[in-house]
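Here's the structure we're looking at; comments come further down.
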Amino acid sequence: MTTQKNNKIRTRGFTLVETLVSLAIFASAIVGMIVITSQGINDTNYAKNKLVATALSQEGIEMVRNIRDSELLGDTVGAGQGWLNFLGLTQACGNTNGCSIDPIDLAIAQCDSDNECVLYRDAQNGPAYFRGDSTTGDESSYIRTIQINQIPDTDSGEITTVEIISTVKWTQGSGGQKEVVSKEYLTNWFVNSVTP
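Be aware that the sequence shown starts at -2, since it is given in the numbering used here, and climbs by one per residue.
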């Protein structure tokens, strides 16, 4: 009789409390994995967007450098007119809203607000971005503004240096607006080598 009683005690299953505790532990482990996975996806999306924004910001600097170099190299007169042409072209970028530059033809357009500097995907040429309207491609989530500040020389007062600030903004989910800023200084590297 004692043997049968011991067998009954040993074969008893989980109690309701034990089952609820094990379910709570299992549920908390699953919730933890879901939270970690969603945070990883958000971090990956942020890293991707920041990488694209950094490249677009640097592209803004390179476009201004390209305009400067084209003007200086195209100066056939040799009297420094190329630098003055460059300064004249970039005056639209000196306002508080900055400007936009089309990477295809380097056309400069003044921005009246951030919305006018929205970048659109180039539907014909692939993943390149450019400023335009909705007929030119799909609107991206990136806004690029380029600001050019002319810095006069302390002795002569002539403009010998410009500061370029290229800012790219984008909206990152519920995290709000993010931005990447690149800054560089350009000078008039052209030396007049015309001899009398």
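Glycine included, each C-beta is placed from N, C-alpha and C at the ideal position.
Quantities reported herein were computed from a predicted structural model and do not represent experimental measurements.
Please classify residue 68: does DSSP put it in a helix, a strand, or coil? Locating residue 68 in the sequence shown gives position 71, counting from the first residue. DSSP places residue 68 in helix when its eight states are reduced to three.
Run of the alpha helix (DSSP H) containing residue 82, from where it starts to where it stops: By 1-based counting over the sequence shown, the position of residue 82 is 85. Membership of residue 82 in the alpha helix (DSSP H) is indicated by the continuous run 78 to 86.
Do you know offhand how far residue 182's Cα is from residue 161's? If you number the sequence shown from 1, residue 182 lands on position 185. If you number the sequence shown from 1, residue 161 lands on position 164. In this structure, the straight-line span from the alpha carbon of residue 182 to that of residue 161 is close to 6 Å.
8 Å contact criterion, which residue 139 and residue 50 should meet: CB distance rounded: For the purposes of this step, residue 139 is taken as residue 142 along the sequence shown, with counting starting at 1. For the purposes of this step, residue 50 is taken as residue 53 along the sequence shown, with counting starting at 1. With a Cβ gap of about 6 Å, residue 139 and residue 50 count as contacting.
Is it buried or exposed, residue 186, if we count other Cβ atoms within 10 angstroms and call 16 or more buried? The count along the sequence shown starts at 1 and reaches residue 186 at position 189. It counts as exposed.
Check whether residue 105 and residue 89 have beta carbons under 8 Å apart: If you number the sequence shown from 1, residue 105 lands on position 108. If you number the sequence shown from 1, residue 89 lands on position 92. For residue 105 and residue 89, yes; Cβs fall inside 8 Å.
Run through DSSP, which three-state label would residue 58 get? Within the sequence shown, numbered from 1, the residue matching residue 58 stands at position 61. Here residue 58 sits in helix by DSSP.
DSSP on residue 92, reduced to helix/strand/coil? Residue mapping note: residue 92 aligns to position 95 of the sequence shown, counting from 1. The answer is coil: DSSP assigns residue 92 none of H, G, I, E or B.
Determine the direct distance from the alpha carbon of residue 37 to that of residue 83, and round the result to whole angstroms. Counting from 1 along the sequence shown, the entry for residue 83 is found at position 86. Counting from 1 along the sequence shown, the entry for residue 37 is found at position 40. Distance between residue 83 and residue 37, taken at the CA atoms: about 46 Å.
Quick one: using the 10 Å Cβ neighbour count with 16 as the cut-off for buried, is residue 54 buried or exposed? For the purposes of this step, residue 54 is taken as the residue at position 57 of the sequence shown. Counting Cβ neighbours within 10 Å, residue 54 comes out buried, since at least 16 surround it.
On a Cα-Cα basis, can you pick out the residue from 81, 163, 169, 47 that is closest to residue 60? Stepping through the sequence shown from its first residue, residue 60 is reached at position 63. By alpha-carbon distance to residue 60, the top candidate from 81, 163, 169, 47 is 163.
Determine the direct distance from the alpha carbon of residue 31 to that of residue 71, and round the result to whole angstroms. The sequence position of residue 71 within the sequence shown is 74, counting from 1. The sequence position of residue 31 within the sequence shown is 34, counting from 1. Computed Cα separation, rounded: 60 Å.
Local Cβ density within 10 Å of residue 22, reported as buried at 16 or more and exposed below that: Within the sequence shown, the letter at position 25 stands for residue 22. Looking at its Cβ environment, which holds fewer than 16 other Cβ atoms inside 10 Å, residue 22 is exposed.
Rounded to whole angstroms, how far is the Cβ of residue 148 from the Cβ of residue 156, which I believe are closer than 8 Å? As a position in the sequence shown, residue 148 is number 151, starting the count at 1. As a position in the sequence shown, residue 156 is number 159, starting the count at 1. About 7 Å; that satisfies the 8 Å criterion.
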